[in-house]
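K.L.:
Below you'll find the structure I mean.
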Amino acid sequence: MSKQPKMTPSNDGYDTSWTVRLPLWPYLITPIACLLALPGTWLAHHFFGVGVIAGWTGFLLALACVALVAFTSWASRPRGPVMRAMATGNVVAGCAWTVPAVLSGPFNLPSMAAWLVGTVVMTVAVAVYRLMRQARGPEQSGVLQGEFAELGSAVKQLKDVSFSRPKVTGAKATVEIEMPPGRTFAEVEGARAETASLLDVSSTAVRTQRDPDSERRGTMSVVPVDQLRHALPDPGLSAPGGSIAAPIVLGLTEDGEQAEIILPGDPLVHRNAVGVMGVVGMSGSGKTELLLRLLGEAATRRDNDLFIADARKGGQLPAYLQRAAKKNAYGLEAAEDFLEDLPSRVARRAKELGERGYKQWQEGCGLQFETVVIFEASAIVARSSTVVDLAESVRSVGICLILELQRATYDRLPTSARSNITTWVMLGVEREDDAEAALSEETIAAGARPWLWKNTKPGYFYLEWAGRPRELWSSPNRSFICPDSEREAMVAQALGWSGPAGQPAVEAYQPPAADQVVDDEPPVNDAIDPDDPPDDVDPEQPIVVPPGMPRIPLGDGEPPMTPEQALLVLQQRLDDWLDAGKDSFKPREMGGVISQTGMSASWVQKQLQALCRGDEPRLRQTERGTYRILAPERV
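What the sequence shown shows, in my numbering, is residues 1005 to 1639, in sequence order.
If you want it as structure tokens, here you go:
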């Protein structure tokens, strides 16, 4: 049943009759609910409102009313201030009448008078509100009505546009739009500012998404309330000890979902590896906090090695992160040398994967995945063309190169390298061209506006990754925030550290691994020319040993200790570590044993393997290549 009253305004410029069809059932909800409240409260008063139980009844009703009012106010936020005030006011009025009605009975003069006045006021208020919302003009097929009629009005200049029924998900209203033949969805994208103005929201709250199979169709989404305005505490590592093939959680989306990224590829689901990823954001945009989260995740995966290079301020990185990295290269020259070594490692890894029968890196292939992060990458990329070659080759060999940049414009990043970067994390930037240099035209056309954030919304970012639904590329996300001490505790617990992170060795000195040969040859002094002898020395004369010079015995190459003595030194080192509370170590930490005993690194490696075997092993090797010290059983 519906009514069709005619409303024809006069003297205000209208020349069209408006027809409003009003279904009756929404207007009956409020009076019916008020009528049912009478027998409901009478039954509650009869069973729970008399005697000693009445006190508990009043207390529980008061708590329930407070909770109901708070929930109603929270749940009605996306509906606008008028609807929120009306819903909250109705609940408050209903609770104010229900509590005394249950305790003293509903059928007395004060309760009945309050019930009658409240029923009339709430019914009329709801009816007036719905009438004003519905009386927006002639109802046409496919045109938005009711709560979301503003979306249709915002694009009223696009005549003959048809809309689907809106879909509301949380605080987001999404509607499908179809343009008439001969018109494109680009006209809707051009009306985004008008839509935001009409709805009185930020332009970043209005997003559009084209239908990939049609130039006429697409969707428009409106999020009137910023769901990310409050800082997000870090919930902890997503998969400590797991594989790097598991998702890495960078933050949350505005829908409360996890903003995830997976660095390796997966041929089973036809997902390419990330290869090279750019993290772009101006100073103060929260770029470092997001990277600390990402690197903490990468460092705690069992089949991943972390490499860090920083051309300018590597010493400012947290000590725990430097310790967790397999290699650190600080300073411009060290970072450049580190980058120049990557192509040879790419070729070597490609050969090893091919020999193992893999076309690309996969979990369980036998090679560690490598996450390489270059901070202040523009200082290095501008002086080297290696990044261009790496961008084309690292994807399949299990290496992810992450470039941290303040700008990704052509003067900071070569065009040939930028075109091969398919994954971008874009935080707030200074200008529009900074975003256009990184994000795709599709993402910007859909509503991404990072230049409006600048550094006023630290942690906000867009994630453009091929493994993510394209409709989410233009939706903002926010990274977690966490004190360094808490993040250090997370990483230390995941890696089995027993003490705080100390200052690690950087590229200037790297302790040798257990399976490496120690090269004690001193560096060559470039100031000395070996082909130019001193002026007082005749190179044609033979070298004569002066008389009386003592002879230095060279020996026969025997180590200063026997293998049995060296083994005792090794076991004593394990006991000392265990007494100090250290229960795990890496093979490269055996450098002191090698220098003390004179034994080779390969001998130490064999002894460590032997201590892992037997009925009462002293060590247990983990999947990460470290050793865990087992306490001997006490008799």
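Even for Gly, the Cβ is constructed at its ideal location relative to N, Cα and C.
For SER1115, does the count of other Cβ atoms within 10 angstroms reach 16, so buried, or fall short, so exposed?
P.N.:
buried
K.L.:
Should PHE1589 go down as buried or exposed, given a rule of 16 or more other Cβ atoms within 10 Å for buried?
P.N.:
buried
K.L.:
From the DSSP secondary-structure annotation, give me the bridge partner or partners of ASN1308.
P.N.:
PHE1373
K.L.:
Return the bridge partner residues of TYR1631 from the DSSP annotation.
P.N.:
Under DSSP, TYR1631 shares a beta bridge with PHE1589 and GLN1625.
K.L.:
For SER1225, count neighbouring C-beta atoms within 10 Å of its own C-beta (all shown protein chains included) and say buried if the count is 16 or more, exposed if not.
P.N.:
buried
K.L.:
Report the rounded CA-to-CA distance for SER1400 versus SER1287, giving the unit in angstroms.
P.N.:
33 Å
K.L.:
Touch check for the region 1031–1046 and the region 1065–1075: three-plus C-beta pairs under 8 Å?
P.N.:
no
K.L.:
Can you grab the Cα-Cα spacing for the pair ALA1439 / ASN1459, in whole Å?
P.N.:
14 Å
K.L.:
Helix or strand or just coil, what does DSSP make of TRP1119?
P.N.:
Three-state DSSP puts TRP1119 in a helix.
K.L.:
Would you kindly work out how many angstroms separate the C-alpha atoms of CYS1657 and TRP1119, rounded to a whole number?
P.N.:
Nothing can be reported for residue 1657, as the shown portion of the chain is limited to 1005 through 1639.
K.L.:
Going by the DSSP bridge assignment, what does TRP1581 pair with across the sheet?
P.N.:
Looking at the DSSP assignment, TRP1581 forms no beta bridge with any residue, so it has no partner.
K.L.:
On the three-state DSSP scale, how would you describe VAL1128?
P.N.:
The answer is helix: DSSP assigns VAL1128 an H, G or I state.
K.L.:
Quick one: what's got a C-beta closer than 6 Å to MET1126's C-beta in the same chain, skipping five residues either side?
P.N.:
Taken in chain order, the residues that qualify are THR1034 and ASN1094.
K.L.:
Mapping DSSP to helix, strand and coil, what is TRP1060?
P.N.:
helix
K.L.:
Can you give the Cα-Cα distance for LEU1470 and LEU1236, rounded to whole angstroms?
P.N.:
According to the sequence as given, residue 1470 is Ala; it is not Leu. In this model, ALA1470 and LEU1236 are separated by some 25 Å (Cα to Cα).
K.L.:
In angstroms with no decimal places, state the Cα-to-Cα distance between TRP1365 and TYR1334.
P.N.:
28 Å
K.L.:
CB LEU1298 to CB ILE1312, shorter than 8 Å?
P.N.:
no
K.L.:
With H, G and I counted as helix, E and B as strand and the rest as coil, what does DSSP make of ARG1349?
P.N.:
In the structure shown, ARG1349 sits in a helix (DSSP, three-state: H, G or I).
K.L.:
Could you give the DSSP three-state label for ASP1560: helix, strand or coil?
P.N.:
Only weak support is given to the placement of ASP1560: the predicted model assigns it a pLDDT of 47, under 50, and the question is left unresolved by the model.
K.L.:
Quick one: what does DSSP say PHE1465 is sitting in, helix, strand or coil?
P.N.:
strand
K.L.:
Applying the criterion that 16 or more other CB atoms from any shown protein chain within 10 Å of the CB defines a buried residue, is LYS1461 buried or exposed?
P.N.:
buried
K.L.:
What do you get for GLU1445, buried or exposed, if any count of 16 or more other CB atoms within 10 angstroms of its CB means buried?
P.N.:
With a threshold of 16 other beta carbon atoms within 10 Å, GLU1445 falls short and is exposed.
K.L.:
Count the CB pairs spanning the region 1418–1433 and the region 1213–1229 that are closer than 8 Å, and state whether there are at least three.
P.N.:
No, the region 1418–1433 is not in contact with the region 1213–1229.
K.L.:
Given this structure, state the Cα-to-Cα distance separating GLU1301 from ASN1481, to the nearest angstrom.
P.N.:
Linking GLU1301 to ASN1481 through their CA atoms gives a straight-line distance of about 18 Å.
K.L.:
Less than 8 Å between C-beta atoms, sequence neighbours within five positions excluded: which residues of the same chain meet that for ALA1250?
P.N.:
For ALA1250, same chain residues with a beta-carbon under 8 Å away, outside a window of 5 residues either side, are SER1242, ALA1243, ILE1266 and ARG1305 in chain order.
K.L.:
Any idea which residues DSSP pairs GLY1255 with across the strands?
P.N.:
ALA1263 and SER1483
K.L.:
If we ignore side chains and look at the alpha-carbon of each, how far apart do LEU1574 and LEU1272 end up?
P.N.:
47 Å
K.L.:
So who's on the other strand from ALA1333, going by DSSP bridges?
P.N.:
ALA1313
K.L.:
Can you give the beta carbon distance from GLY1402 to GLU1367, rounded, assuming they're within the 8 Å contact cut?
P.N.:
So it is not a contact: roughly 10 Å between Cβ atoms.
K.L.:
Apart from the five residues just before and just after GLU1219, which ones in its own chain have a Cβ nearer than 7 Å to its Cβ?
P.N.:
THR1188 and PHE1189
K.L.:
Please name the residue in SER1080, VAL1086 and ILE1248 whose C-alpha comes closest to that of CYS1369.
P.N.:
ILE1248
K.L.:
Please go through the same chain and pick out, in chain order, the residues whose beta-carbon is closer than 6 Å to the beta-carbon of GLY1279, but skip the five residues on each side of it.
P.N.:
VAL1398 and ARG1399
K.L.:
Can you tell me which of the three DSSP states PRO1104 falls into?
P.N.:
helix
K.L.:
Quick one, which of GLU1340, LEU1371 and ALA1339 has its alpha-carbon nearest ALA1354's?
P.N.:
Out of GLU1340, LEU1371 and ALA1339, the CA that lies nearest to the CA of ALA1354 is found in LEU1371.
K.L.:
Once DSSP output is grouped into helix, strand and coil, what is the label at THR1643?
P.N.:
Only positions 1005 to 1639 of the chain appear in the structure, and residue 1643 is not among them; the question remains open.
K.L.:
Measure the C-alpha to C-alpha separation of GLU1293 and VAL1253 and round it to an integer number of angstroms.
P.N.:
Spanning the alpha carbons of GLU1293 and VAL1253 requires a straight line of approximately 13 Å.
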